[in-house]
Each structure stands twice: as structure tokens, then as C-alpha cells.
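Q: Position one of the sequence shown corresponds to residue 225 (this note's numbering), numbered consecutively onward.
Before I ask anything, here is the structure I am working with.
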Amino acid sequence: MEPINGFAAIPKHFKGPANLLRNVLNSQQRIESRVNFVQRAFEQGRVDAEDIARHLTDQFGEEAARRVVDGEGRVDFTAFRDLLEARRNDALTEAIEERFGEDAAERLIRDDGTVDLDGLRDLFRDAFSRE
């Protein structure tokens, strides 16, 4: 079976401030597209639960794969979306911490994983005005 493009990994790092902002703004759309792509492929029979589990295991590990694909061959696409969002949030938090420090990451990443976009824009505006 050829690789499923919808499983392309979320970048571990959002490179550079401009890319970081662009990736934050576009990441939810990309996650939705990936989930929808894999779900359609599953529903159309182009991939099965085993294929999905194998790809998830390769990219995210067995525990993550078990949260998405159960032992009965059912696929929880909400859990798949949650997994991708969590990975994106981890990468985003790391990128903000590297560039702006832990305090900035704590201010900008909410407990539910959403991003304070206005705060992020302000942070970038301040950072770019000093460079």
C-alpha cells in the first residue's frame, strides 16, 4: 500500500517568526483536511483500520494509535483530530518558548490548546519592531 498523504506529520518546529504565525493561522485547516482525507479514504475502503493504526504507530507510537483505532477495528476520527491538535500545540509551545520564553508560551497557549492570536500578533509586532 502506498503512503497516505493525510498522515503527513505535523512539523516538530515552526521555523522562524513569520512561518510560526502563518503556521498557527493555517494549522487548524491543515489538521481538518488531513482528518477528512483519511476519513474519506477509510469510508471508501481505500484504507482499513490496520492501515491507519500502522501509520499512526509509525508517526506517533502505539499508545497514540490505540487511542484512535480500537481492537475491534473502529476508528475514532475525533481522537485522530485531537492527536494532531495536541502535536501541533506541543510544537507551537516549543517554538514560542524557544523564541520568546516560557512566560510568553504560557500567556499565549490557553489550557484548552487554543492560541491567543491577538497576543501572538502583538508579540510578533513587538519582536519585529526591535529587529
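For every residue, glycine included, the Cβ atom is placed at its ideal position computed from N, Cα and C.
Output the boundary residues of the alpha helix (DSSP H) element that contains Val292.
A: Residues Glu286 to Val292.
Q: Does the distance from the C-beta atom of Leu308 to that of Arg258 stay below 8 Å?
A: Contact flag set, yes.
Q: Helix, strand or coil: how does DSSP classify Val259 here?
A: DSSP places Val259 in helix when its eight states are reduced to three.
Q: Is it the case that the segment 261–273 contacts the segment 299–307, given that we only count it when at least three CB pairs across the two stretches are under 8 Å?
A: Judged by Cβ distances under 8 Å, the segment 299–307 makes contact with the segment 261–273, as three or more pairs qualify.
Q: If you count every other CB in all the chains shown that lies within 10 Å of the CB of Asp340, and 16 or more means buried, which is it?
A: Exposed.
Q: State the start and end residues of the unbroken alpha helix (DSSP H) segment that holds Glu296.
A: First-last for Glu296: undefined, no H or E at that position.
Q: For Ala232 and Leu280, I'd like the C-alpha separation in whole angstroms.
A: Confidence in Ala232 is poor, its pLDDT being 45 and thus under 50, which makes the residue's placement too unreliable to answer from.
Q: Roughly how many angstroms separate the alpha carbons of Leu332 and Phe284, rounded to a whole number?
A: Using only the alpha carbons, I get a separation of about 25 Å.
Q: What's the C-alpha gap between Glu287 and Asn250?
A: Cα-Cα distance, rounded: 27 Å.
Q: With which residues is Val271 paired in a DSSP beta bridge?
A: Paired residue(s): none; Val271 is not in a bridge.
Q: Nearest to Glu256 by CA position, among Arg291, Arg305 and Ala277, is which residue?
A: That would be Arg305, whose Cα lies nearest to the Cα of Glu256.
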